[in-house]
Amino acid sequence: MIILDNHFHVDPYKGLFLEAVKQFHRAGGTHLNVVYKTAHDYGFEGMKAEDFIKAMDFHIKLVEKINKETEVRAFAVVGVHPAEFVYLAEKKGLEYAKSEVMRALEYAQKLCLERKAIAIGEIGRPHYEVSEEVWEASIELMKYGMSLAKEADCAVQLHTESFNEEKFRELGKIVKEVGIKPYRVVKHFSPPLVKVAKEVGVFPSIIASKKNIAEAIKQGNRFMMETDYIDDKRRPGAVLGPKTVPKRTKAFLQNGLFSEEDVYKIHMENPKKVYGVELEE
Ligand SMILES: [Zn+2]
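According to this note's numbering, the residues represented by the sequence shown are 122 to 402, in order.
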């Protein structure tokens with residue numbers, strides 16, 4: 122059985138790294154979308170495009186290591202986190218930050234074109250209060266990232282403020298405006314609004330809490346599951362643990378909330394459609 126966690130971070134400095142991946146595997150997990158954290162987390166300053174580029178290369182190496190040293194098949198997702206942009210804009214000014222992040226995103230696109238990564242992410246807009254101009258610039262960068270993904274025909278994973286139906290509809294408009302295939306746009310940390318997401322075409326990646334997944338499956342199986350595991354020993358329990366997606370999937374299959382077809386759809390067909398990759402056992 123294929124089980125994918127669609128949004129998982131690893132941190133070789135502050136976290137368990139390979140041990141977390143092995144825990145995921147022992148629980149029954151087979152595939153991981155490993156998402157770039159921040160340049161700072163990887164030991165780079167995050168003050169210019171080159172820092173982000175080096176951090177992305179570092180991230181690709183981490184993913185290669187997972188593929189070499191564990192049983193799990195890992196894919197890389199690379200980008201510049203919206204919080205990194207906000208920080209840089211505060212330190213060095215908006216225009217400078219914008220142009221450095223744009224260059225970095227172009228590098229993320231290159232990694233997708235070389236098939237070293239399968240998506241640009243997480244990009245988007247901050248989940249906390251920022252000035253009007255930083256907010257507008259974040260949206261501009263989000264659109265830029267989407268247009269790069271459109272050009273490369275790869276996916277994006279979006280980080281945003283907390284989401285509801287109205288926000289999904291707003292995002293749907295942005296997706297149309299950019300012209301990217303809507304199913305290439307993944308809303309990471311999505312609430313279980315499966316029906317609305319389907320209407321606007323965006324793909325929801327739903328946090329794998331019991332409550333969320335129970336609500337999601339009532340609305341259909343057009344979604345993916347994630348933990349947003351952050352792999353930070355100093356913040357245990359800040360997010361769901363590495364074993365959650367396989368454990369939840371198996372439990373839901375056992376208690377009849379998921380059918381075998383649901384599992385197949387959520388963990389194999391949906392990611393195949395979104396990322397254009399084959400997930401093999
Ligand atoms: Zn994340």
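Positions of the beta carbon are idealized from the N, C-alpha and C atoms, including for glycine.
CA nearest to the CA of Cys233, picked from Ile387, Gly293, Phe206 and Ile181 | Selected option, being the one with the closest Cα: Ile181.
How would you label Gly164, buried or exposed, when you count the other beta carbons within 10 angstroms and need 16 or more for buried?
-> Classification for Gly164: exposed.
Go ahead and pull the three-state DSSP assignment for Pro325.
-> In the structure shown, the three-state DSSP call for Pro325 is strand.
Determine which residues share a DSSP beta bridge with His152 and list them.
-> Looking at the DSSP assignment, His152 forms a beta bridge with Leu125 and Arg194.
When DSSP builds the beta bridges, which residues end up paired with Met346?
-> Ile327
Could I get the ranges of all uninterrupted alpha helix (DSSP H) runs contained in the region 170-249, with 4 residues as the minimum, in chain order?
-> 170-190, 203-213 and 215-234
Skipping 5 residues on each side, what residues in its chain have a beta carbon closer than 6 Å to that of Leu125?
-> Listed in chain order, the non-local C-beta contacts of Leu125 below 6 Å within the same chain comprise His152, His388 and Pro392, local neighbours out to five positions each way being set aside.
Consult DSSP for Phe310 and reduce its assignment to one of helix, strand or coil.
-> strand
Starting from Glu366 and walking both ways along the alpha helix (DSSP H), at which residues does that stretch end?
-> The question names Glu, but residue 366 in the sequence shown is Val. Per DSSP, Val366 belongs to the alpha helix (DSSP H) from Thr365 to Gln375.
Which one or two residues does DSSP pair with His280 in a beta bridge?
-> According to DSSP, which records beta bridges pairwise, His280 is partnered with Gly245.
Option nearest Glu243 by Cα separation, candidates Glu235, Ala225 and Val255 | The residue among Glu235, Ala225 and Val255 with its C-alpha nearest the C-alpha of Glu243 is Ala225.
Residues in its own chain within less than 7 Å of Phe277 by CB, not counting five upstream and five downstream?
-> Per the sequence shown, the amino acid found at residue 277 is Val instead of Phe. Same-chain partners within the cutoff: Ala240, Ile241, Gly242, Ile244, Gly266, Met267, Ala270, Arg305, Val306 and Val307.
Residue from Arg290, Asp274, Leu262 and Tyr208 with nearest C-alpha to Val251 | Tyr208
Please classify Gly167: is it buried, with 16 or more other beta-carbons within 10 angstroms of its beta-carbon, or exposed?
-> buried
Member of Lys169, Glu261 and Phe324 whose CA lies at the smallest distance from the CA of His290 = Per the sequence shown, residue 290 should be read as Arg rather than His. The shortest Cα separation from Arg290 among Lys169, Glu261 and Phe324 belongs to Phe324.
Less than 8 Å separating the beta-carbons of Asp162 and Asp132?
-> Their beta carbons are under 8 Å apart, which means Asp162 touches Asp132 by this criterion.
Pro392 lies in the alpha helix (DSSP H); which residues open and close that run?
-> Asn391 to Tyr396
Best match in Lys297, His130, Glu402 and Glu254 for proximity to Ala197 [C-alpha to C-alpha] = His130
Can you find a heavy atom of ligand 1 that lies under 7 Å from the Cβ of Asp162?
-> no
Could you give the distance in angstroms between the alpha-carbon of Val384 and the alpha-carbon of Gly341?
-> Looking at the two C-alpha atoms, the distance is approximately 12 Å.
If we call anything under 8 Å between Cβ atoms a contact, is Pro363 one with Phe145?
-> Contact: yes.
So, helix, strand or coil for Gln340, using DSSP?
-> DSSP places Gln340 in coil when its eight states are reduced to three.
Assign Lys135 to one of three DSSP states: helix, strand, or coil.
-> coil
Between the CA atoms of Leu279 and Glu211 - distance to the nearest angstrom | Straight-line Cα distance between these residues: approximately 22 Å.
Ligand 1 heavy atoms versus the CB of His76: any closer than 7 Å?
-> Given that the chain is displayed from residue 122 to residue 402, the structure contains no residue 76 and the question cannot be resolved.
Alpha carbon to alpha carbon, how far is Lys143 from Ala335?
-> 26 Å
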